[in-house]
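A.B. asks: Pasting a structure below so you can have a look.
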Amino acid sequence: MSTGKFTNLIPRLITALLGAAGIVFGIVYSEWTYFVVFFIICLFSLIEFYKLSGLDGMLPQKTFGTICGLLIFCLSFFIERGDISYRYYFLIFPAVSCVYMIKLYKKFERKPFTNIAYNFLGIFYVAVPFALLNIATFENQAYDYQIIFGSLFILWASDTGAYFAGSMFGKRKLFERISPKKSWEGFAGGAALAFAFAYGLPYFFSAIGHEPTIRSWQWLVIGLII
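Residue numbers for the sequence shown follow our numbering, beginning at 19 and rising by one.
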């Protein structure tokens with residue numbers, strides 16, 4: 019690895035470690051710290067999505083889309099936790115549909131339906147996956163962080179393995195037109211480290227005193243998907 023790459027790696031590594039530590043603490047400490055951490059991540063992800071969509075000339079209702087996305091995340095959390103009924107999911111449809119009234123009755127709107135589509139895209143592309151995390155982390159209204167904790171570590175292992183394998187051995191480009199720096203060697207390194215972490219997760223949970231809820235072969239399937 020060259021000196022330039024190593025110098026560039028240090029700030030990225032420090033930032034990643036600090037961010038990862040905060041996320042892991044939020045997941046493990048309690049369901050409420052998990053909620054706060056992922057609420058904040060969902061919020062900034064929605065803001066960033068609508069900011070980027072504006073660069074393409076689109077004019078989605080950024081504030082409205084962000085509020086709707088956060089509403090979906092909060093509803094799914096409190097429903098899966100057992101605080102409110104599943105029937106509250108029906109609130110999503112009238113809330114999200116309000117964007118039609120806002121956009122179609124707004125003067126000087128050139129592409130209202132395109133902008134509405136970007137509103138929905140932000141909700142489904144960003145907020146819905148975060149809401150699905152709540153379904154994964156609650157089993158019979160009881161919080162269990164193992165699946166999200168393990169999935170994040172598999173993802174980080176994949177990225178780490180791909181980065182180092184690609185930096186040291188990468189020669190054959192994977193998809194040069196789409197991502198010029200990606201290589202087959204990096205892909206193989208990322209996959210190998212991800213599968214190694216996936217296989218060892220049940221043993222890790224047992225070692226820290228938690229009964230594993232997912233078996234090694236199931237973690238390997240999750241690793242394959244990730």
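Note that beta-carbon positions come from the ideal geometry of N, C-alpha and C, so glycine has one too.
Because the structure is a prediction, the values reported are computed rather than measured.
First and last residue of the alpha helix (DSSP H) that includes Gln236?
C.D. replies: Ser234 to Ile243
A.B. asks: Mapping the DSSP letters down to three states, classify Tyr161 as helix, strand or coil.
C.D. replies: strand
A.B. asks: Which of helix, strand or coil does DSSP assign to Lys121?
C.D. replies: helix
A.B. asks: Of the residues Lys124, Leu77, Phe96 and Phe53, which one's Cα is nearest the Cα of Tyr136?
C.D. replies: The option with the nearest alpha carbon to Tyr136 is Leu77.
A.B. asks: When you compare only the Cα positions, how much space is there between Arg30 and Leu211?
C.D. replies: 20 Å
A.B. asks: Quick check on the DSSP output: the alpha helix (DSSP H) that includes Glu203 runs from which residue to which?
C.D. replies: Trp202 to Ala225
A.B. asks: Lys69: which of Tyr217, Thr231 and Asn133 sits nearest, CA to CA?
C.D. replies: Asn133
A.B. asks: With a threshold of 16 other CB atoms inside 10 Å of the CB of Ser149, please say whether the residue is buried or exposed.
C.D. replies: Reading the sequence as shown, one finds Ala at residue 149 and not Ser. So Ala149 ends up on the buried side.
A.B. asks: Suppose the cutoff is 8 Å on Cβ atoms and the five residues either side in sequence are ignored; what does the same chain contact list for Gln159 look like?
C.D. replies: Glu98, Arg99 and Gly100
A.B. asks: Taking a contact to mean a Cβ-Cβ separation below 8 Å, would you say Tyr163 touches Val46 in this structure?
C.D. replies: In this structure, Val46 lies closer than 8 Å to Tyr163 by Cβ.
A.B. asks: Going by DSSP, what residues sit across from Lys191 in a beta bridge?
C.D. replies: Ser201
A.B. asks: Let's test the definition: count the other Cβ atoms within 10 Å of the Cβ of Glu157 and tell me whether it reaches 16, buried, or not, exposed.
C.D. replies: exposed
A.B. asks: Whole angstroms are fine: how far does the CA of Arg128 sit from the CA of Ala113?
C.D. replies: 24 Å
A.B. asks: Out of curiosity, what's the CA-to-CA distance linking Ile120 and Gly37?
C.D. replies: 37 Å
A.B. asks: Confirm, please, whether the CB-CB distance from Ile90 to Ala145 is below 8 Å.
C.D. replies: yes
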